[in-house]
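Asker:
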Amino acid sequence: MLTTGPRGTHDIIPAEAKNWRRVEETARKICEVYHYGEIRTPIFEHTELFLRGIGETTDVVQKEMYTFTDRGNRSVTLRPENTAAVVRSYLEQKLYAEAQAAKLFYIGPMFRYDRPQAGRLRQFHQFGIEAIGPAGPSVDAEIIELAVRFFEKLGLKDLNLLINSVGCPKCRPQYRLVLQEFLQDKKDQLCGNCQSRYDRNPMRILDCKEEKCNQLSAGAPQMVDCLCDECAEHFAGLRQFLDAAKISYTLNPRLVRGLDYYTKTAFEIQYPLLGAQSAVCGGGRYDGLIEECGGPATPGIGFAIGLERVLLAMEKQALLDPAEDVVPVWVIPLGKEASLPAYSLLMRLRQLGISSDMDHGGRSLKSQMKQANRTQARYVAIIGEDEARTHQVTLKNMTTGEQALISADEAVKQLKQEMNG
RNA sequence: GUGACUGUGGUGAAGUGGUUAACACGGCGGAUUGUGGUUCCGUUAUGCGUGGGUUCGAUCCCCAUCAGUCACCCCA
Numbered sequence: 004m005l006t007t008g009p010r011g012t013h014d015i016i017p018a019e020a021k022n023w024r025r026v027e028e029t030a031r032k033i034c035e036v037y038h039y040g041e042i043r044t045p046i047f048e049h050t051e052l053f054l055r056g057i058g059e060t061t062d063v064v065q066k067e068m069y070t071f072t073d074r075g076n077r078s079v080t081l082r083p084e085n086t087a088a089v090v091r092s093y094l095e096q097k098l099y100a101e102a103q104a105a106k107l108f109y110i111g112p113m114f115r116y117d118r119p120q121a122g123r124l125r126q127f128h129q130f131g132i133e134a135i136g137p138a139g140p141s142v143d144a145e146i147i148e149l150a151v152r153f154f155e156k157l158g159l160k161d162l163n164l165l166i167n168s169v170g171c172p173k174c175r176p177q178y179r180l181v182l183q184e185f186l187q188d189k190k191d192q193l194c195g196n197c198q199s200r201y202d203r204n205p206m207r208i209l210d211c212k213e214e215k216c217n218q219l220s221a222g223a224p225q226m227v228d229c230l231c232d233e234c235a236e237h238f239a240g241l242r243q244f245l246d247a248a249k250i251s252y253t254l255n256p257r258l259v260r261g262l263d264y265y266t267k268t269a270f271e272i273q274y275p276l277l278g279a280q281s282a283v284c285g286g287g288r289y290d291g292l293i294e295e296c297g298g299p300a301t302p303g304i305g306f307a308i309g310l311e312r313v314l315l316a317m318e319k320q321a322l323l324d325p326a327e328d329v330v331p332v333w334v335i336p337l338g339k340e341a342s343l344p345a346y347s348l349l350m351r352l353r354q355l356g357i358s359s360d361m362d363h364g365g366r367s368l369k370s371q372m373k374q375a376n377r378t379q380a381r382y383v384a385i386i387g388e389d390e391a392r393t394h395q396v397t398l399k400n401m402t403t404g405e406q407a408l409i410s411a412d413e414a415v416k417q418l419k420q421e422m423n424g
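Add 3 to the 1-based position in the first sequence for my numbering, that's all there is to it.
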């Protein structure tokens, strides 16, 4: 079908682009304030990067990647997320050499082969930030705060911030054993999905939506209670900073992220009204990822915000600007002789930066006036046969209805004054 | 990837197995010569997502397919 885009893709037309721009500008602005610099990496990478970075057993890698072989027989993948790629770039471009911390942000499309539904597309857009280098909990707080402020700036309300600590390679394996032990005799009663999780990723069982599994896992020991000293201290530190910043959060010991690289801090911001796809921001610390990608042991933390979901949430709260097509000045040629002088007048206006337009279809004065009216024109410059001959225009003020026959030069001068003032 | 529901013009939508597919908004044209926002008039889907099938005949029945929505799953 030539008239439909690929499944799960979406066109952003002019009426919507304005709101997208506002969201993106808000992101850029806040990143500047918090000292994060923009990074633009390719939308495809070697498949290997995602296998290693995200984790081979994750759902994202196992069933959601757009992977293909290029003409040179290399396996490449459309990025399903951007943290791995940013880390790759950080190492390849040796950003560690320039400063103690690489504080980066990105905005761009991501690709996941999912079954589409509202708030879930195959090509979607993320605004994300990464702080590579710093280890202290104040960065964790800074990042979470940035996300919260971003939503505040857009005017969004009723968001829930959930935080948890998922431990580190020192304490998580031990916790897994403790958890598996707890669930051992209940294993048969878990849902099918959770039974396979038991060995692969038992922590996800805590996250299951099945009522049955919830009951079975009730009272299970929690990661936060089994953190090693370092992780516990880090988590306590984070909470202290968040409290100081007066950012309210919910401690959710069952919050687990689906990407393997997360350590210590994990967080999510939800907008419940979005239904099943309510996570509007997700992130956490990934202290092992840089090493996993072949770099020196370096801590890092970041988040990603789903922009389509942000726009949906804004729509629900009536925060979107209405689509409107505004052209403050219309030039109206009447008849063939008028089109050349009309066009040169238009050209002069545009060179002065005055947003203006004209009809190219030779339509009637009446319909051109209508058009001007629809686009909220403040002025209309009519050029008919008489005006064309004498290098004049009839300049009409659309709000007062007054009009005057003046020279083209005079019209340009007046419009320049009016439009800049 | 699983299950369910939906699919009529630019938009919101009514509708029926049988000549011309309501209505509203929008668009376009007009209501005496070159003037908008109000009003009035006219016009605007050779077509009912697409492809098959059933039938004398299908937009309305069946199948497939595509797309969307909801839930699961996953996650942003």
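Glycine included, C-beta positions come from ideal geometry on N, C-alpha and C.
If we count the other Cβ atoms within 10 Å of its Cβ and call it buried at 16 or more, is Ser410 buried or exposed?
Answerer: Looking up residue 410 in the first sequence gives position 407. Its Cβ having fewer than 16 others within 10 Å, Ser410 is exposed.
Asker: Which residues in the same chain have their Cβ closer than 8 Å to the Cβ of Leu337, if we skip the five residues on either side of it in sequence?
Answerer: If you number the first sequence from 1, residue 337 lands on position 334. So the qualifying residues of the chain are Leu368, Ile385, Ile386, Gly387 and Glu388.
Asker: Which value, in whole angstroms, describes the spacing of the CA atoms of Gly365 and Ile335?
Answerer: Position 362 of the first sequence, counting from 1, holds the residue named residue 365. Position 332 of the first sequence, counting from 1, holds the residue named residue 335. Cα to Cα, the separation comes out at about 9 Å.
Asker: For Asp376, which residues of its own chain have a beta-carbon under 8 Å away from its beta-carbon, when the five flanking residues on both sides are left out?
Answerer: Walking along the first sequence from the start, residue 376 turns up at place 373. Residue identity check: residue 376 is Asn in the sequence provided, not Asp. Setting aside the 5 residues that flank it on each side, Asn376 is surrounded in the same chain by Met401, each with a C-beta closer than 8 Å to its C-beta; the list follows chain order.
Asker: Between which two residues does the beta strand (DSSP E) harbouring His49 extend?
Answerer: Counting from one through the first sequence, the residue named residue 49 turns up at place 46. That run of the beta strand (DSSP E) goes Phe47 to His49.
Asker: Kindly indicate which three-state DSSP category Lys431 falls into: helix, strand or coil?
Answerer: Any answer about residue 431 is impossible in this case: the structure gives the chain only from 4 up to 424.
Asker: By the DSSP assignment, the beta strand (DSSP E) with Ser78 in it spans what residues?
Answerer: Translated into the one-based positions of the first sequence, residue 78 becomes position 75. First-last of the beta strand (DSSP E) with Ser78: Ser78 to Leu81.
Asker: With distances taken Cα to Cα, identify the nearest neighbour of Thr268 among Gly240, Ala326, Leu277 and Arg179.
Answerer: Residue numbering aside, residue 268 sits at position 265 when the first sequence is read from its first letter. Measuring from the Cα of Thr268, the nearest candidate turns out to be Gly240.
Asker: Here's the rule I'm using: 16 or more other beta-carbon atoms within 10 Å means buried, otherwise exposed. How should Asn167 be labelled?
Answerer: Translated into the one-based positions of the first sequence, residue 167 becomes position 164. Result: buried.
Asker: If you run the structure through DSSP and keep just helix, strand and coil, what is Glu27?
Answerer: Counting from one through the first sequence, the residue named residue 27 turns up at place 24. In the structure shown, Glu27 sits in a helix (DSSP, three-state: H, G or I).
Asker: Leaving out the 5 sequence neighbours to the left and right, which residues in its chain are closer than 7 Å to Gln225 when beta-carbon positions are compared?
Answerer: On the first sequence, position 222 is the one that residue 225 refers to. Around Gln225: Pro256.
Asker: Among Ile250, Ile272 and Asp290, which has the Cα closest to the Cα of His237?
Answerer: On the first sequence, residue 237 is found 234 positions in, with the first residue counted as 1. The option with the nearest alpha carbon to His237 is Asp290.
Asker: For Phe185, write down the residues that DSSP places opposite it in a beta bridge.
Answerer: Looking up residue 185 in the first sequence gives position 182. Answer by DSSP bridge pairing: none, since Phe185 is not bridged.
Asker: Thinking C-beta only, is Ala100 closer than 7 Å to Gly136?
Answerer: Start at 1 with the first residue of the first sequence, and residue 136 comes out as number 133. Start at 1 with the first residue of the first sequence, and residue 100 comes out as number 97. With respect to Ala100, Gly136 sits apart: the two C-beta atoms are not nearer than 7 Å.
Asker: Report buried or exposed for His128, applying the criterion of at least 16 other Cβ atoms within 10 angstroms of its Cβ.
Answerer: Here residue 128 is taken as the residue at index 125 of the first sequence, counted from 1. When all chains shown are included, His128 counts as buried.
Asker: Three Cβ pairs or more, each shorter than 8 Å: is that satisfied between the segment 281 to 298 and the segment 183 to 190?
Answerer: no
Asker: Taking 8 Å as the cut-off, does the segment 111 to 128 touch the segment 195 to 215 (at least 3 CB pairs, one atom from each stretch)?
Answerer: Touching, no, given that fewer than three Cβ pairs across the two stretches are closer than 8 Å.
Asker: Going along the chain, which residues of its own chain have a beta-carbon closer than 6 Å to the beta-carbon of Arg288, five neighbours each way excluded?
Answerer: Along the first sequence, read from residue 1 onward, the residue named residue 288 stands at position 285. Taken in chain order, the residues that qualify are Thr266, Lys267, Thr268 and Ile304.
Asker: Strictly by DSSP, which residues pair up with Thr395?
Answerer: For the purposes of this step, residue 395 is taken as residue 392 along the first sequence, with counting starting at 1. The sequence given here places Gln at residue 395; Thr does not occur at that position. BP columns for Gln395 point to Ser410.
Asker: Please state whether DSSP places Gly222 in a helix, a strand or coil.
Answerer: Working through the first sequence from its first residue, we reach residue 222 at position 219. The answer is coil: DSSP assigns Gly222 none of H, G, I, E or B.
Asker: Could you please give me the residues that DSSP links to Ile33 through a beta bridge?
Answerer: Counting from 1 along the first sequence, the entry for residue 33 is found at position 30. None; Ile33 has no bridge partner.
Asker: Residues in its own chain within less than 6 Å of Arg260 by CB, not counting five upstream and five downstream?
Answerer: Within the first sequence, the letter at position 257 stands for residue 260. Cβ within range, chain order: Ala269 and Gly287.
Asker: Grab the span of the alpha helix (DSSP H) containing Cys234 for me, first residue to last.
Answerer: Here residue 234 refers to the residue found at position 231 of the first sequence. From DSSP, the alpha helix (DSSP H) with Cys234 extends over Asp232 to Ala247.
Asker: CB-CB under 7 Å to Leu349, same chain, minus the five flanking residues each way: which ones, in chain order?
Answerer: As a first step, residue 349 is located in the first sequence; it is residue number 346 there, counting from the start. For Leu349, where only same-chain residues beyond five positions count, the Cβ hits under 7 Å are Val334, Ser359 and Met361.
Asker: Measuring alpha carbon to alpha carbon, tell me which residue in Gln96, Tyr201, Glu271 and Ile42 is nearest Gly309.
Answerer: The residue you call residue 309 lines up with position 306 of the first sequence. For Gly309, the nearest C-alpha among the options comes from Glu271.
Asker: If you run the structure through DSSP and keep just helix, strand and coil, what is Gln103?
Answerer: Position 100 of the first sequence, counting from 1, holds the residue named residue 103. DSSP places Gln103 in coil when its eight states are reduced to three.
Asker: Am I right that Asp328 and Thr378 are in contact with their C-beta atoms under 8 Å? What's the rounded C-beta distance?
Answerer: Within the first sequence, numbered from 1, the residue matching residue 328 stands at position 325. Within the first sequence, numbered from 1, the residue matching residue 378 stands at position 375. Going by Cβ atoms, the distance from Asp328 to Thr378 rounds to 5 Å, so yes, they are a contact pair.
Asker: Can you look up Gly291 in the DSSP assignment and give me helix, strand or coil?
Answerer: As a position in the first sequence, residue 291 is number 288, starting the count at 1. Here Gly291 sits in coil by DSSP.
Asker: Near Arg152, which residues of its chain fall below 8 Å by C-beta distance, leaving aside the five closest residues on each side in sequence?
Answerer: Along the first sequence, read from residue 1 onward, the residue named residue 152 stands at position 149. Taken in chain order, the residues that qualify are Ile33.
Asker: Enumerate in chain order the residues of its own chain whose CB-to-CB distance from Lys319 is below 6 Å, with the five nearest sequence positions on each side excluded.
Answerer: Residue 319 sits at position 316 when you count from the first residue of the first sequence. Correct list, in chain order: Leu276.
Asker: Between which two residues does the alpha helix (DSSP H) containing Thr86 stretch?
Answerer: Counted from its first residue, the first sequence places residue 86 at position 83. Counting along the chain, the alpha helix (DSSP H) containing Thr86 begins and ends at Thr86 to Glu95.
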